[in-house]
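Asker: Take this structure first; my questions come after.
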Amino acid sequence: MDVYEIDDPTVQDLARFLQSAPLANGTTTSGLGGELASLLAQSICNWTRGVVWQDGGWVSRSVFESLPDVGEVEIETLADGAVVKMRHRATGITALGESHDEAWQDLRRRVVTERGD
Numbered sequence: 773m774d775v776y777e778i779d780d781p782t783v784q785d786l787a788r789f790l791q792s793a794p795l796a797n798g799t800t801t802s803g804l805g806g807e808l809a810s811l812l813a814q815s816i817c818n819w820t821r822g823v824v825w826q827d828g829g830w831v832s833r834s835v836f837e838s839l840p841d842v843g844e845v846e847i848e849t850l851a852d853g854a855v856v857k858m859r860h861r862a863t864g865i866t867a868l869g870e871s872h873d874e875a876w877q878d879l880r881r882r883v884v885t886e887r888g889d
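Quick note: the sequence shown uses the numbering used here, first residue 773, plus one each step.
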């Protein structure tokens with residue numbers, strides 16, 4: 773998989789631009805720090821190559837985009853916030869967890885299994 777590394781000149785050029793990019797609303801991104809700008813630039817550059825960061829490594833966008841995203845998931849807290857319930861709208865699959873991350877991981881695993889990915 774061909775990915776842009778953080779020190780790639782294209783990534784660094786974009787990162788410098790992102791630190792003070794003029795925006796359509798008349799403001800700029802002047803508050804964006806150097807490290808965050810570099811990471812964002814790397815993600816943008818790799819996205820153009822069809823690659824995104826997921827669970828500690830670069831994966832194909834098609835793999836990432838087949839996973840349930842926030843727009844497809846209903847999130848509800850239960851038991852005074854002690855339990856997080858997530859439901860994937862397209863499949864109706866639900867998952868419970870003691871934290872958002874725990875419920876998300878379980879839901880993602882179930883949806884991927886259901887889809888046969």
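Just so you know, even glycine gets a beta-carbon here, dropped at the ideal spot from N, CA and C.
Bear in mind that the values here come from a model prediction, so they are computed numbers and not experimental data.
Determine whether the beta carbon atoms of Glu844 and His860 lie at a separation below 8 Å.
Answerer: yes
Asker: Please report the straight-line C-alpha distance between Leu795 and Ser802, rounded to a whole angstrom.
Answerer: A direct Cα-Cα distance of roughly 10 Å separates Leu795 from Ser802.
Asker: What separation, rounded to the nearest whole angstrom, lies between the Cα atoms of Leu808 and Gly853?
Answerer: One C-alpha to the other measures close to 31 Å.
Asker: Cα separation between Gln784 and Gly798?
Answerer: 24 Å
Asker: Report the start-end ranges of each beta strand (DSSP E) in the region 807 to 872 that is 3 residues or longer and not cut off at the edges.
Answerer: 823 to 826, 829 to 832, 845 to 850, 855 to 860 and 866 to 869
Asker: Helix, strand or coil for Thr885? Go by DSSP, reduced to three states.
Answerer: helix
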